[in-house]
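Asker: Please read through the structure below; I'll follow up with questions.
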Amino acid sequence: MSRRKRFKSNKIKPRHEPGRPPGSLDSGEGTPSQFSVIAYGEHEAKKLTPQSLSEVKKLESQYEVIWLDIIGVEDVRMLEEFGRLFGIHPLSLEDVSNVHQRAKFDNYETYSYFVTRMASRNNHLQSEQLSIFHQGKFIITFQEVAGDCLAPLRKRILAGQGYIRKRPADYLLYALVDTVLDHYFPIVDQIGEQLDELDGNLIESNRSFDLAQVHQIRSELLELGRWIRPNREMINQLLRDETSTMSKETQVFMRDCYDHVVRLYESIETYREVCSDLRAYHLSVVSNRTNDVMKTLTIVSSIFIPLGFVAGLYGMNFQHMPELQWKYGYFFVLALMIAIVSGLLFWFKRKGWFDD
Amino acid sequence: MSRRKRFKSNKIKPRHEPGRPPGSLDSGEGTPSQFSVIAYGEHEAKKLTPQSLSEVKKLESQYEVIWLDIIGVEDVRMLEEFGRLFGIHPLSLEDVSNVHQRAKFDNYETYSYFVTRMASRNNHLQSEQLSIFHQGKFIITFQEVAGDCLAPLRKRILAGQGYIRKRPADYLLYALVDTVLDHYFPIVDQIGEQLDELDGNLIESNRSFDLAQVHQIRSELLELGRWIRPNREMINQLLRDETSTMSKETQVFMRDCYDHVVRLYESIETYREVCSDLRAYHLSVVSNRTNDVMKTLTIVSSIFIPLGFVAGLYGMNFQHMPELQWKYGYFFVLALMIAIVSGLLFWFKRKGWFDD
Amino acid sequence: MSRRKRFKSNKIKPRHEPGRPPGSLDSGEGTPSQFSVIAYGEHEAKKLTPQSLSEVKKLESQYEVIWLDIIGVEDVRMLEEFGRLFGIHPLSLEDVSNVHQRAKFDNYETYSYFVTRMASRNNHLQSEQLSIFHQGKFIITFQEVAGDCLAPLRKRILAGQGYIRKRPADYLLYALVDTVLDHYFPIVDQIGEQLDELDGNLIESNRSFDLAQVHQIRSELLELGRWIRPNREMINQLLRDETSTMSKETQVFMRDCYDHVVRLYESIETYREVCSDLRAYHLSVVSNRTNDVMKTLTIVSSIFIPLGFVAGLYGMNFQHMPELQWKYGYFFVLALMIAIVSGLLFWFKRKGWFDD
Amino acid sequence: MSRRKRFKSNKIKPRHEPGRPPGSLDSGEGTPSQFSVIAYGEHEAKKLTPQSLSEVKKLESQYEVIWLDIIGVEDVRMLEEFGRLFGIHPLSLEDVSNVHQRAKFDNYETYSYFVTRMASRNNHLQSEQLSIFHQGKFIITFQEVAGDCLAPLRKRILAGQGYIRKRPADYLLYALVDTVLDHYFPIVDQIGEQLDELDGNLIESNRSFDLAQVHQIRSELLELGRWIRPNREMINQLLRDETSTMSKETQVFMRDCYDHVVRLYESIETYREVCSDLRAYHLSVVSNRTNDVMKTLTIVSSIFIPLGFVAGLYGMNFQHMPELQWKYGYFFVLALMIAIVSGLLFWFKRKGWFDD
Amino acid sequence: MSRRKRFKSNKIKPRHEPGRPPGSLDSGEGTPSQFSVIAYGEHEAKKLTPQSLSEVKKLESQYEVIWLDIIGVEDVRMLEEFGRLFGIHPLSLEDVSNVHQRAKFDNYETYSYFVTRMASRNNHLQSEQLSIFHQGKFIITFQEVAGDCLAPLRKRILAGQGYIRKRPADYLLYALVDTVLDHYFPIVDQIGEQLDELDGNLIESNRSFDLAQVHQIRSELLELGRWIRPNREMINQLLRDETSTMSKETQVFMRDCYDHVVRLYESIETYREVCSDLRAYHLSVVSNRTNDVMKTLTIVSSIFIPLGFVAGLYGMNFQHMPELQWKYGYFFVLALMIAIVSGLLFWFKRKGWFDD
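Going down the list, the protein sequences come from chains A, B, C, D and E.
Each number in this note's numbering comes from the position in the first sequence (counting from 1) with 37 added on.
Each number in this note's numbering comes from the position in the second sequence (counting from 1) with 37 added on.
Each number in this note's numbering comes from the position in the third sequence (counting from 1) with 37 added on.
Each number in this note's numbering comes from the position in the fourth sequence (counting from 1) with 37 added on.
Each number in this note's numbering comes from the position in the fifth sequence (counting from 1) with 37 added on.
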């Protein structure tokens, strides 16, 4: 049942009904978005729950980095206010509210805009779009629904673990992307373990091999690959962007992140190959087994159908059947039958049908 | 029946019978083309139905942007007049009248020429070539037949929605391309849903899986990919063209449009993979099922054919068959039969034929 | 029978027996070549049949463009004379006489050399190498045998249709390449129609699907692709060649020709995919059908073989078989048989074997 | 059993639980690492077992090259001290302790960092990560566990074979990478021999072909390819790095090493193709054999089932069956049976079922 | 039997046991190598059999080009002397003695080094490594064993055919590479003819199709492709090498040689596709045929097994079977049987099982 939603839930959608002006937002009011802010400097970090965007804007003078996390992307009025306050291009706003974007990096003059995708896998694969804006001290993230994989990052900032509090906003940007991509590893790892088990089942017992699971895992890997691949381009583009405001130091970390994405993508590709191999191997195994079954049937039939015919022959009720009166007729027929069986068995043996 | 027209309707055709001079138009008169004009500036927009091309030409001084939409590409005299009036190269005119072009962008010195393809899918996939000329204030579009996907755009211009009335002709050009490509999304989306359903059918009930539909969808995706792919090159080429007269502002929108094309193309590729996977999975399922059927047959035959032989043996009419006179002969034979059956069942069980 | 020649006729051959000096021609005399000349300027065009090459050379001062068409490439003495008169590199001459070249463009200092391939398809696919030399006012073409696809071009020159008479020799070069490539369109188109029909046959009636034809078409497409692909490189190389003497104006036409080659190649690739899809689909259909046949066999056998055994059981001739004396024994057995049949039918139904 | 561990043992792992600060090491103490040093100059080479890293650092003034080999990467305190003493970036330290890296080359300002992978194959494929730091005179290697493939290299240094003692540290770096990659050759060679044997088995006797082994070898090649491929990029990047401190002379050797990697990777790719071909060939062979088995069954059944029916017909006990009273009825029926058999045999022959 | 050696004989080998110093030669003495020299200038060419390398070195002043051909690469002392006399890098010497190199071109400051591979095909595919050194007037070739494909070239030099005597050593280098590659053409051609025949067999008679041969040819093409591909890179690299001492004139010939390699490689790729197609087509044909066989079996069984049951029913020996006493019982049963047969035949017909 959950499977039936697989493609549907990930389907690509037009930004809006085709033909509407670009950069226009859906007019429906939508659920109001929720704000939460983590503002910090080297010596201080605070969690705030502002009521309005302008309130957030005022924090700029007090902190080194202000991370505004907005949950819900359907609140058009909020989006428009956000666009006004931070000078965001309508196309970016539209991309925020249309949650079917590929990962990408758009460098506008006054801000940078990133889209990536947070994945999770409980029973089935799910993903949520994460939009990140970077403008001076501000990092603004947009999520579709509450609940994300960023909790450890928040804890790190508030507890002052690692370097994060000592570095500017672009490091937080890196940390966000890195944390999101890190969460793909356990998913891919889990798939690897499932494939390992399936492979073992197929080789060892030939029994409970679940072809449908291979099929499903392959579909999931297709999906995962589609989510991961554009991230590679995104980070690459970011690293080569000459107008980028990202510090050299953060670029070293970002390059590390790039290595991770490449590693992820290679694993996904490898596992897709493994799925194909399993499928091909299974087909061969089934063909082999069908061949065995057929051989059994053919041996049994080839022996007993002719014998049955001979028996039937002497079960006929003709009045004039000389053999029936012979004294040793019956034993003669039995001997004939044994001869037929021996001959057939010898022939099958020579054909190699008993060698398995 | 409609299927039989699939390839035929999309077949590539020589521009003309091979060997005719390039840039020459078919001499047949063809149906006269119909004109309709939308001319607009920031404060005004008007829909006109001019009788001749020279009439249109005169609108240049009055409006900021003049969009001339021409329906019907077989009217040779009109095409020649159009070429004369706007200074169009014969090769472009030929491309307009030959409706089997790939999407492309040709930059001539005095004008730019675009070809793209409008798709629709009611029962089966159809497409129509849209040629777009851009020259100064003029945007001239050529369609094969009446009826298109541009209605919302016309409404937007006439109603003054969005930015379109405030921007020059190159923005209208963008809006045309964008609207055309936007209409691919619902088609691809619909295919995704069909695949989703097919996948569900195959996994869950194993019953009404329609292999022919997978085959047809795969053909349609092949076709769609062939239409979409050159659009990617076209926009890319347009964005990198240094002599382009497209304003920086419109280029931002065009880049957004490029992202859409990439997204479309990736979805098409993904769905083609899904089709292949479904096909491969179906083959495995059928092999599996054939194996099951064969096992059933083999078990039944291997048990009852030998039994039948034994029964036939004692149905023979030889006069001297000592067993027939034995008092418990019949019961002995019955016991023998039960022993054979038990032995065979045990052997099949050990072979794992009952484990499913 | 004609099929057996397929690969053989297209086989690649060493330029000569391996190890002979490069640029050396086969010493055999070969059939004498035939010359025909079309010489023209803006106001005049004449068809001539010169007896010797030096005669042709003298036409240079009289006409704007001289097209010398030579049929037969085995006349060594003529080739050597040609090389002397026009200053042709021995490697080019060797390429002319070895008719298994890929399409290519070699730019020598004093002349350009083109190789392309004229295709035709009557029952089976055939091709002929066309070598084109361009030197100043001269265009010299070499064909293997008489009969080609250039008749419409000749007519155009002689009748003065289109621009061709007004343009220099490089335009004729373009016209030759364009005419040759144009003749691939009807071939590819015809293949498309055949595939369309095969596809319809497979989907609709499942009856007369001709697998061998798919196999053959796929081979032909492989061949066609091998002929077309290098043309793409050839034209591309020509367009990017900075030392080229081709006029800007002709380059516009050549770019149009490039578009056609790309379109051709894409169609060929698409049709090869269609062939693969047909093959895969056919395999699935056959598997499905085999499964159906097997189910029928298994149902019939599983029902009647056990029944036959029961009947055989009571056909045994033991003297002491109590059931035989029972008054209602026969009817009891009949009832038992009906019960067996019902049970089996119910079981098959539950297994879903009747659902198709 | 060992197979079940295949994918699991090679699974990719997140650097740490997702969300922890980058460059942080696992806090667990881990087993203490073991040091061993080989320090040498042109005239002297010594093997030492220092107790601490600072002891090693002091050797700098005495020798030309100091190779510190560290076994065990879980000793966090040691790693931190190492980072402090040699000025290593936390990300590099993290890569050392996380043993699931792809081969790579990171050029930091004060040192270079290499990761590669040592492979071995006893029953199943295994690999171990080797991290190499190069800083001035120091080469520091990190291995996961004791036991490696570097013994011949150590012997060469201590015995003063070849050039190694006369060259600076970057030559040792090359020698390490080269030795590691050299050990892939016997593995790939062994796989080649196994494939050779499998291929022979399949073609010649059709008997003991082990499909599971092909499946396993293919998986191993997938794994090997995944390990080798990034080495190619690594060496390439090293050779093109303009800031590299590698001497021209060593670069010549490194290029040789690059050739080896390319050769390895090509062999792996080739063998993967061979696996696919074996799989496909096996499937065809099985299909062929199933077809043969079916033909046997069909011939036998088609002959004897009808005969059996005829015999059964005259075994019926109707009182009024005129044929039974005929004098030559029995012989007539025998003749009929022979006629049926002959007819069927002739029909099968014409269908080509006996031609193998 | 010869097949079993296929992969083994081509296996890749480590340059030496892993871990030995690079550039070191195997210490075994090996068979002494044999020298033969062809030295020539425009007016003179001489074949010599020198006893030592220093003798060869002295020829430098007397001739324009000196081609030293050395047979046997295991003579370590000779190789070392060669290295000393001509100033060859140890890595090159090692590559000479390790006969499993890919084709390559190494440009050292004082000499160029080429590796290529001479192929032959008598029953099975074989190859031999040819190393070529070019230094000033000297061309030195190393072969593994006596017997090669260079005889025509030697004859050409000695007889003074073609241009070769008039040109410097780099032309001889070209001639060597060209001659070696030319010898691939008849091999590929022969394979093409075999495929042609196989294809014909499969399509026409469906009889003696040799699947194993397709499998073997495919393996050979894999091998050939592996030998040819690096030659393409080698020549390409040579042509683009700016420090190359190759004259412009020879480069024209080398480019021609490049065209040949491309043509070869394309043919190999095409034939590999043909093999795949044959394999796929064969699989479909076998599936089709199995389906036919099954239909025959099913039709026969479905008709006669039920009939046999009916016959068996009235062969039972119950005392009270009223039908047996009916006067026309027998004829009634016969009629029933005819009805059953007609019904089944009609049903099969409607299912389309008789349409082939």
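Where a beta carbon is used, it is the ideal one built from N, C-alpha and C, also for glycine.
1. Count the other CB atoms, across all protein chains shown, that sit within 10 Å of the CB of Gly-124(D); report buried if there are 16 or more and exposed otherwise.
2. Helix, strand or coil for Gly-229(B)? Go by DSSP, reduced to three states.
3. Tell me the start and end of each unbroken alpha helix (DSSP H) in the region 232–285 of chain D that is at least 4 residues and wholly inside, in chain order.
4. Expressed to the nearest angstrom, what Euclidean distance is found between the alpha-carbon atoms of Ala-317(A) and Leu-239(A)?
5. Which residue or residues does DSSP assign as beta-bridge partners of Ala-82(B)?
6. Against Glu-303(A), what residues of chain D qualify as contacts under a CB-to-CB distance less than 8 Å, listed in chain order?
7. For Lys-358(D), which residues in chain E fall below 8 Å Cβ to Cβ?
8. Identify the contact partners of Tyr-351(C) in chain E, using a Cβ-Cβ distance below 7 Å as the criterion.
9. Which residues in the same chain as Asp-81(D) place their Cβ atom closer than 8 Å to its Cβ, once the five residues preceding and following it in sequence are excluded?
10. Which residues, taken in chain order from the region 111–134 of chain D, show a beta carbon closer than 9 Å to some beta carbon of chain A?
11. Does Pro-55(C) pass the burial test, meaning 16 or more other C-beta atoms within 10 Å, or should it be called exposed?
12. How would you label Asn-328(C), buried or exposed, when you count the other beta carbons within 10 angstroms and need 16 or more for buried?
13. Mind listing the chain E neighbours of Glu-310(D)? Cutoff is C-beta to C-beta under 8 Å, in chain order.
14. Is there a Cβ from chain A that is less than 8 Å from the Cβ of Met-283(D)?
15. From Val-102(E) to Glu-146(C), what distance separates their C-alpha atoms?
16. Just to confirm, are Ser-164(E) and Trp-264(E) a CB contact at a threshold of 8 Å?
17. Restricting to Cα atoms, I'd like to know which of Met-115(E), Ala-76(E), Gly-352(E) and Asn-268(E) is closest to Tyr-221(E).
18. Can you tell which of Phe-170(A), Pro-189(A), Gly-389(A) and Leu-315(A) has the C-alpha that lies nearest to the C-alpha of Pro-59(D)?
19. Counting only beta-carbon atoms, is Val-337(E) nearer than 8 Å to chain D?
20. On the premise that Tyr-367(D) lies in contact with His-357(A), defined as a C-beta separation below 8 Å, what is that separation, rounded to the nearest angstrom?
21. Taking Cβ to Cβ, would you say Gln-172(C) is nearer than 8 Å to Gln-138(C)?
22. Could one say the Cβ of Asn-328(A) lies closer than 8 Å to chain D's Cβ atoms, at least one of them?
23. Using only the alpha-carbon positions, how far apart do Val-133(A) and Phe-179(A) sit?
24. Along chain C, in chain order, which residues have C-beta atoms closer than 7 Å to that of Ile-344(B)?
25. Mind listing the chain E neighbours of Ala-317(D)? Cutoff is C-beta to C-beta under 7 Å, in chain order.
26. Since Leu-167(C) meets chain E, which of its residues come closer than 9 Å, beta carbon to beta carbon?
27. Report the CB separation of Ile-108(B) from Ala-183(B) in whole angstroms; it is logged as a contact under 8 Å.
28. Can you name the residues of chain A whose CB is closer than 7 Å to the CB of Gly-199(B)?
29. Suppose the cutoff is 8 Å on Cβ atoms and the five residues either side in sequence are ignored; what does the same chain contact list for Gly-78(A) look like?
30. So His-220(D) contacts chain E; which residues on that side make the cut at Cβ distance below 7 Å?
31. With a cut-off of 8 Å, does the C-beta of Leu-320(D) fall near any C-beta of chain A?
32. Assuming Leu-361(E) and Asn-354(D) are in contact, meaning their beta carbons sit under 8 Å apart, how far apart are those beta carbons, in whole angstroms?
33. Can you find a CB in chain E that lies within less than 8 Å of the CB of Ile-75(D)?
34. Which full runs of the alpha helix (DSSP H) of 4+ residues lie inside the region 173–235 of chain D, going along the chain?
35. I need the boundaries of the alpha helix (DSSP H) containing Ala-140(C), first residue and last residue.
Answerer: The structure says:
1. Within the fourth sequence, the letter at position 87 stands for residue 124(D). By the 10 Å Cβ count, Gly-124(D) comes out exposed.
2. For the purposes of this step, residue 229(B) is taken as the residue at position 192 of the second sequence. Of the three classes helix, strand and coil, the one that applies to Gly-229(B) here is helix, per DSSP.
3. You should have 248–277.
4. On the first sequence, residue 317(A) is found 280 positions in, with the first residue counted as 1. On the first sequence, residue 239(A) is found 202 positions in, with the first residue counted as 1. Each residue's Cα considered, the two are about 12 Å apart.
5. Along the second sequence, one-based indexing puts residue 82(B) at 45. Note: Ala-82(B) sits in a beta bridge opposite Tyr-77(B).
6. Start at 1 with the first residue of the first sequence, and residue 303(A) comes out as number 266. Near Glu-303(A) (Cβ distances below 8 Å), the residues of chain D are Arg-139 and Arg-263.
7. On the fourth sequence, residue 358(D) is found 321 positions in, with the first residue counted as 1. It should be noted that the sequence gives Met, not Lys, for residue 358(D). Contact note: Met-358(D) reaches chain E through Tyr-367, using a C-beta cutoff of 8 Å and chain order.
8. Within the third sequence, the letter at position 314 stands for residue 351(C). Within 7 Å Cβ-Cβ: Met-353, Asn-354 and Phe-355.
9. One-based indexing of the fourth sequence puts residue 81(D) at position 44. In the sequence under discussion, the amino acid at residue 81(D) is Glu, which differs from the Asp named in the question. Taken in chain order, the residues that qualify are Tyr-100.
10. His-126, Pro-127, Leu-128, Glu-131 and Asp-132
11. The sequence position of residue 55(C) within the third sequence is 18, counting from 1. Pro-55(C) is classed as buried because its beta carbon has at least 16 other beta carbons within 10 Å across all chains shown.
12. The residue labelled residue 328(C) in the question sits at position 291 within the third sequence. Buried, by the Cβ-count rule.
13. For the purposes of this step, residue 310(D) is identified with residue 273 of the fourth sequence, where counting begins at 1. Within 8 Å Cβ-Cβ: Leu-259.
14. Position 246 of the fourth sequence, counting from 1, holds the residue named residue 283(D). It does not: the Cβ of Met-283(D) has no partner Cβ on chain A nearer than 8 Å.
15. To locate residue 102(E), count along the fifth sequence from 1; it is residue 65. To locate residue 146(C), count along the third sequence from 1; it is residue 109. Their backbone Cα atoms lie some 29 Å apart in a straight line.
16. Locating residue 164(E) in the fifth sequence gives position 127, counting from the first residue. Locating residue 264(E) in the fifth sequence gives position 227, counting from the first residue. Yes, these two residues count as a Cβ contact at 8 Å.
17. The residue labelled residue 221(E) in the question sits at position 184 within the fifth sequence. Of Met-115(E), Ala-76(E), Gly-352(E) and Asn-268(E), the residue nearest in Cα terms is Asn-268(E).
18. Numbered from its first residue, the fourth sequence carries residue 59(D) at position 22. Cα-wise, what sits closest to Pro-59(D) is Pro-189(A).
19. For this step, residue 337(E) is matched to residue 300 along the fifth sequence. Closer than 8 Å to some Cβ of chain D, the Cβ of Val-337(E) qualifies, so yes.
20. Here residue 357(A) corresponds to residue number 320 of the first sequence, with the count starting at 1. Here residue 367(D) corresponds to residue number 330 of the fourth sequence, with the count starting at 1. Rounded, the Cβ-Cβ distance is 6 Å, consistent with contact.
21. As a first step, residue 172(C) is located in the third sequence; it is residue number 135 there, counting from the start. As a first step, residue 138(C) is located in the third sequence; it is residue number 101 there, counting from the start. Contact flag unset, no.
22. If you number the first sequence from 1, residue 328(A) lands on position 291. Yes, because at least one Cβ of chain D sits closer than 8 Å to the Cβ of Asn-328(A).
23. The residue you call residue 133(A) lines up with position 96 of the first sequence. The residue you call residue 179(A) lines up with position 142 of the first sequence. Taking the straight line joining both Cα atoms gives about 7 Å.
24. Your numbering for residue 344(B) matches position 307 in the second sequence. In the sequence on display, residue 344(B) carries Leu and not Ile. Annotation: Cβ neighbours of Leu-344(B) in chain C (cutoff 7 Å, chain order): Phe-346.
25. As a working note, residue 317(D) is residue 280 in the fourth sequence. Under the 7 Å cutoff, chain E gives Arg-316.
26. Numbered from 1 along the third sequence, position 130 holds the residue referred to as residue 167(C). Result: empty, since nearest Cβ-Cβ is about 17 Å, beyond 9 Å.
27. One-based indexing of the second sequence puts residue 108(B) at position 71. One-based indexing of the second sequence puts residue 183(B) at position 146. Yes, they are in contact, since the Cβ atoms of Ile-108(B) and Ala-183(B) sit about 5 Å apart, within 8 Å.
28. Here residue 199(B) corresponds to residue number 162 of the second sequence, with the count starting at 1. Those are Pro-58 and Ser-61, listed as they occur along chain A.
29. The residue labelled residue 78(A) in the question sits at position 41 within the first sequence. For Gly-78(A), where only same-chain residues beyond five positions count, the Cβ hits under 8 Å are Tyr-100, Glu-101, Val-102 and Arg-202.
30. Here residue 220(D) refers to the residue found at position 183 when the fourth sequence is read from its first residue. Neighbours of His-220(D) on chain E, chain order: Pro-55.
31. Within the fourth sequence, residue 320(D) is the residue found at index 283, counting from 1. Yes, contact with chain A.
32. For the purposes of this step, residue 361(E) is identified with residue 324 of the fifth sequence, where counting begins at 1. For the purposes of this step, residue 354(D) is identified with residue 317 of the fourth sequence, where counting begins at 1. Correct: roughly 5 Å between the Cβ atoms.
33. Looking up residue 75(D) in the fourth sequence gives position 38. Cβ-Cβ to chain E under 8 Å: no for Ile-75(D).
34. 188–196 and 206–219
35. Along the third sequence, one-based indexing puts residue 140(C) at 103. Neither: Ala-140(C) is in no alpha helix (DSSP H) and is coded neither H nor E.
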